[in-house]
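Take my numbering: the final residue in the sequence shown is number 186, and no numbers are missing along the way.
Yeah, the Cβ is synthetic: ideal placement off N, Cα and C, and Gly gets one too.
Since the structure comes first, as structure tokens, the remarks are kept for the end.
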Amino acid sequence: MAVKSLRVDTLQAALGIERILDDHQGPVEEVVIDHDGFLFDLIRTHRDKPEFVLPDRADMTRTTHCLRSFSRRVEKACKDRGIRVSGDLAPPVETYGHPVVESDLLLVPKGRITERGIRENIRTYLHKRGSAAQLAWAQLWQWVHHATGVLDEGRIVTEDLLRKLIDEEVGAAASAEATARGCELTTIVLEESFTMPAA
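Pasting the structure below:
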């Protein structure tokens, strides 16, 4: 029986995409590429390494090397097998060129961490679900637990700063759901361990 869609959102899935597609029980009609899921997986896997602290999500686009490489690798495997791809695709002018290797996927971008980026992640967690929300809290966790979590204007991302900004964004949202999500967010990002929320 054909599978309507298969989501690819981890480093290991990208590296093993050919085997996954060839060994899957029944044909795959479509593969969905998820950049937020991939970035979350990078943080989760390398959460103790400061060199994997990511910049503002807005500064990471589909032309960012690791994201472009992630898409290229999956797209090529699908193209070779006549499988449709959707989601976060590589730029239209992209050529496959040299094969994508693991080091391409691990070349994380350097960039700014800003108060605006913190607030965007808080708002994302308050109002969204799925991989976007996962990445949002994972980035906040990174920034407060690593010494490299420093804003572009010099302030350190501290627990007090995160609490203050979460409280402000929850107040601006002014809903019971946002209040509950805000409490949950404060708990998980300030935990010393990288603990997935219950839902």
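Beta bridge counterpart(s) of residue i as assigned by DSSP
i	result
residue -7	18
residue 143	137
residue 71	17
Residue nearest to residue i in terms of C-alpha spacing, selected from the options
i	options	result
residue 34	146, 128, 153 and 168	128
residue 101	142, 132 and 72	142
residue 131	180, 166, 75 and 114	180
residue -2	96, 77, 56 and -8	56
residue 94	50, 103 and 4	50
Cβ shell of residue i (< 6 Å), same chain only, five flanking positions each side left out
i	result
residue 108	123, 126 and 127
residue 25	-4 and 57
Classification of residue i by the beta-carbon crowding that lies within 10 angstroms, buried from 16 upward
i	result
residue 59	buried
residue 186	With a pLDDT of only 47 at residue 186, under 50, the local geometry of the prediction cannot be trusted, and no value is derived from it.
residue 172	buried
residue 149	buried
Alpha-carbon to alpha-carbon, residue j and residue i
i	j	result
residue 68	residue 52	24 Å
residue 146	residue 63	43 Å
residue 164	residue 40	29 Å
residue 30	residue 13	32 Å
residue 22	residue 115	16 Å
residue 66	residue 90	22 Å
residue 43	residue 118	16 Å
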